[in-house]
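What follows is a set of notes on a single structure, which appears directly below.
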Amino acid sequence: MLAADIWRQTSSWAALLGISMIEATNEGKAVRFETATDLPERWREKLCSSFADLIAHEEAVDLISQGYFQGNEVLFADARKYLTALRERAREMVVAYNWFAAQNGKEQIDTEGSDVLAPGRVDQLLNQWVRLSRGKALVATGKIFEGRDEILSVLQPRK
C-alpha cells in the first residue's frame, strides 16, 4: 500500500519530465508554458523528493526487519518485489532526467548524495506505522474511540 502511494506520487510527475524535454527542444519552441516558469527544475525537485521518500520507506522496512524480526523479511514476497520494481522505475526516471539535464545544461541529480536524502523521514514513517498499529490493536480490544483517535492522529502533523 505504501509503495503504491509512493509510485502514484512519482508517476504523477512523470508527465512533467516529458513536457520539460519538449520545452527544451527546438520542436518545443512553438509550445508555450505560461503557468510554469521552469519545468525542468520543478521536475528535478519533485523527482528528488519522491526518490528520497522511496529510499526512506525501504530503510524503514529494513529497520523493522532487523530490529524486530531478526532480519527476516516483513513484507510479503509480492510487496517486496513491487517495492524493488518501484525503485528500479524511479532510478530509470532519474537516469532519463540526468541524460536530459546533461544535454541541456541543467543540474543533474546525484543519487548517492544529498539530492535524495530526506532527513527525519524514516523516523516519521516509523512513528506513523506505530500509531496505526497501536490504533488497530486498541480497536481489536474494544477500545474503539481510543483506536479511532490514534489512527486519526496519523493524519495530523506532529509539532
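Taking the numbering used here, the leading residue of the sequence shown gets -15, the next gets one more, and so forth.
Idealized CB from N, CA, C, for every residue including glycine.
Keep in mind that this is a model prediction, so the values were computed, not measured.
Contact between Val106 and Leu47 is confirmed by a C-beta separation of about 7 Å, below the 8 Å threshold. Sequence-distant Cβ neighbours of Glu91 in its own chain, meaning closer than 7 Å and more than five residues away, are Arg28 and Ala85. In the three-state reduction of the DSSP assignment, Leu139 falls in the coil class, being assigned neither a helical nor a strand state. Of all alpha-carbon atoms in Trp113, Ile128, Val78 and Ser117, the one lying nearest the alpha-carbon of Ala44 is that of Trp113. Comparing C-alpha distances from Gln108 to each of Val78, Gln140 and Gln54 shows the shortest one belongs to Gln140.
Comparing C-alpha distances from Asp99 to each of Asp37, Leu23 and Gln87 shows the shortest one belongs to Asp37. In this chain, the alpha helix (DSSP H) harbouring Val79 covers Ala61 to Asn88. Proximity to Ile39 across Glu25, Ser137, Tyr52 and Ala69 peaks at Ala69, based on C-alpha coordinates. No Cβ-Cβ contact shorter than 7 Å links Gly119 with Gly104. In this structure, Leu122 sits away from Val138, with a CB-CB distance that is not shorter than 7 Å. Bounds of any alpha helix (DSSP H) do not take in Asp22, whose DSSP letter is neither H nor E.
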